[in-house]
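Numbering (the numbering used here), first residue to last: 271 to 473. Beta carbons are placed, not taken as given, at the ideal position from N, Cα and C, and that holds for glycine.
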């Protein structure tokens with residue numbers, strides 16, 4: 271990657287619309303690393319990580335088909351902060367290594383995006399030059415998640431929100447914030463950020 275290229279993070283609370291914004295950036299020709307998707311892939315394909323998860327949570331963490339049993343693991347960690355922290359300690363370093371390898375293969379764009387829900391909680395923001403926060407009200411986010419994830423209850427979504435850093439803290443830490451509430455035009459905001467990032471590179 272050219273030395274001037276920027277590593278940009280994009281984050282936001284559950285249901286804020288991070289992936290939707292990333293798709294707009296992709297239309298603009300920007301490569302996006304989807305950290306949460308890659309974490310799921312690594313948990314099923316990275317031999318060392320699989321061994322570590324089995325050692326920490328038992329053979330039952332994986333099904334007979336060799337795939338991670340997400341229902342089992344969710345039960346293990348959802349109400350147990352110590353087990354959740356342990357899982358994150360295993361997964362986050364592998365995602366960071368995977369991201370570094372991904373970055374080294376991306377030479378064509380002036381900047382790249384890393385999409386991650388736990389950008390601050392995982393510490394991965396330290397790898398990045400600037401951060402975009404995707405913002406939406408709690409009610410809007412709740413409605414989106416319940417529509418998208420029909421297996422989740424309202425109480426489960428609220429618990430996930432409580433485990434993430436606050437909206438105010440995300441806004442404070444971010445370099446850019448996109449308002450992704452209902453009836454708000456998002457594309458002009460993305461185009462403005464895109465041009466701002468290009469200007470930062472050129473200057």
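Using the three-state DSSP reduction, which class does residue i fall into: helix, strand or coil?
i           : result
residue 448 : strand
residue 280 : strand
residue 298 : coil
residue 271 : Bear in mind that a pLDDT of 48 at residue 271, under 50, signals an unreliable position, so the model cannot answer this.
residue 338 : strand
Which same chain residues, not among the five before or five after residue i, have their C-beta less than 6 angstroms away from its C-beta?
i           : result
residue 361 : 309
residue 440 : 403
residue 285 : 411, 414, 415
I believe residue i touches residue j by the beta-carbon criterion, under 8 angstroms. Please report the beta-carbon distance rounded to the nearest angstrom.
i           : j           : result
residue 450 : residue 406 : 5 angstroms
residue 288 : residue 300 : Rounded, the Cβ-Cβ distance is 14 angstroms, inconsistent with contact.
residue 291 : residue 460 : 6 angstroms
residue 390 : residue 435 : 6 angstroms
Give every residue of the same chain whose Cβ lies closer than 8 angstroms to the Cβ of residue i, excluding the five residues on either side of it in the sequence, and list them in chain order.
i           : result
residue 337 : 314
residue 445 : 400, 401, 402
Could you check which residue in the options has the C-alpha nearest to that of residue i?
i           : options            : result
residue 282 : 437, 418, 413, 327 : 437
residue 306 : 467, 399, 368      : 368
residue 428 : 435, 412, 420      : 412
residue 319 : 433, 384, 466, 356 : 356
residue 376 : 469, 302, 465      : 302
residue 433 : 442, 398, 347      : 347
residue 447 : 430, 431, 466      : 466
Which same chain residues, not among the five before or five after residue i, have their C-beta less than 7 angstroms away from its C-beta?
i           : result
residue 452 : 410
Quiz item: Taking only runs of the alpha helix (DSSP H) that begin and end inside the region 340-427, which ones reach a length of at least 4 residues, in chain order?
Solution: 340-347, 351-374, 408-418
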